[in-house]
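Undergrad:
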Amino acid sequence: MLRLSFAFLVFLLAGLAVGESRADQPTRASLKGVVSVKATITQTTPDAVNCGVDIAALLEQLQRVLREGGLAVQDDADTVATISFMVAHDAERGVCATSGLLGAYRSVTYFDDKAGWLTTGHVALWQRAMQSLSSRASHVTAIQGMVDRLGADLVKSWRQANSGN
């Protein structure tokens, strides 16, 4: 199970960075110009239930962290902030392990030379990940701390990208 979780995490961390063509746009994918995000959370592993993970509560927490940091959270935003958790539970040892990833993504349309038509996909603007290993009893608190830190890191990077420096 942990090997599968690690492989999935590596897959998630393989973000795509695509430059933009207009001169007034950044020369690489970045948070510059982002004014709001739509916050989402992915489904997690079955072990999350054993470790007490409530994804609805964690999504609300992420939205709160982003708003308190000054980043608008709107359902119709062009940029999506998605948080994902891969949870593994070792019942024999009474521990839970989680890899968490928060990423900001923008939908882009581009011409696919191989297909011969326009295609839409998502570009990773920003990504960070954390891991936690703790007792089952304290794991929810550990994951809540992860959401706070990842959300704060996104807000900090967003502010830096839009500060004019």
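Numbering follows the numbering used here, in which position 48 of the sequence shown is assigned residue number 380; successive positions increment by one, without gaps.
By construction, the Cβ of each residue, glycine as well, lies at the ideal position given by its N, Cα and C atoms.
Report all residues from its chain with a CB closer than 6 Å to the CB of Leu394; omit the five preceding and five following residues, and keep chain order.
TA: Same-chain partners within the cutoff: Ala371, Ile415, Val479 and Gly483.
Undergrad: The ligand NAD and Ile415: does the residue's C-beta get closer than 6 Å to at least one heavy atom of that ligand?
TA: The ligand NAD is not part of this structure, which contains no ligands at all.
Undergrad: DSSP three-state call for Ser353: helix, strand or coil?
TA: With a pLDDT of 37 at Ser353, under the threshold of 50, the modelled position of that residue is not reliable, and no figure is offered here.
Undergrad: Drop a sphere of 10 angstroms on the beta-carbon of Asp407, count the other beta-carbons inside from all chains shown, and report buried for 16 or more, exposed for fewer.
TA: Its Cβ having fewer than 16 others within 10 Å, Asp407 is exposed.
Undergrad: Between Thr376 and Val412, how many whole angstroms is the CB-CB distance? I'm expecting something under 8 Å.
TA: Going by Cβ atoms, the distance from Thr376 to Val412 rounds to 18 Å, so no, they are not a contact pair.
Undergrad: Once the 5 residues before and after Gly384 are set aside, which same chain residues still bring their CB inside 6 Å of it?
TA: Within the same chain, Gly384 has close Cβ partners Val472.
Undergrad: Using the beta-carbon count (16 or more within 10 Å), is Gly453 buried or exposed?
TA: Exposed is the call here.
Undergrad: As a quick exercise: from Ser439, Ser466 and Gly432, pick the residue whose alpha carbon is nearest that of Val366.
TA: The residue with the shortest Cα to Cα distance from Val366 is Ser439.
Undergrad: Going by beta carbon distance, what residues of the same chain come within less than 8 Å of Leu450, once the five residues before and after it are set aside?
TA: Same-chain partners within the cutoff: Thr441, Tyr442, Phe443 and Asp444.
Undergrad: Are there 16 or more other CB atoms within 10 angstroms of the CB of Val381, so buried, or fewer, so exposed?
TA: Exposed: under 16 other Cβ atoms inside 10 Å.
Undergrad: Does the Cβ of Ser431 have 16 or more other Cβ atoms within 10 Å, making it buried, or fewer, making it exposed?
TA: Buried: at least 16 other Cβ atoms inside 10 Å.
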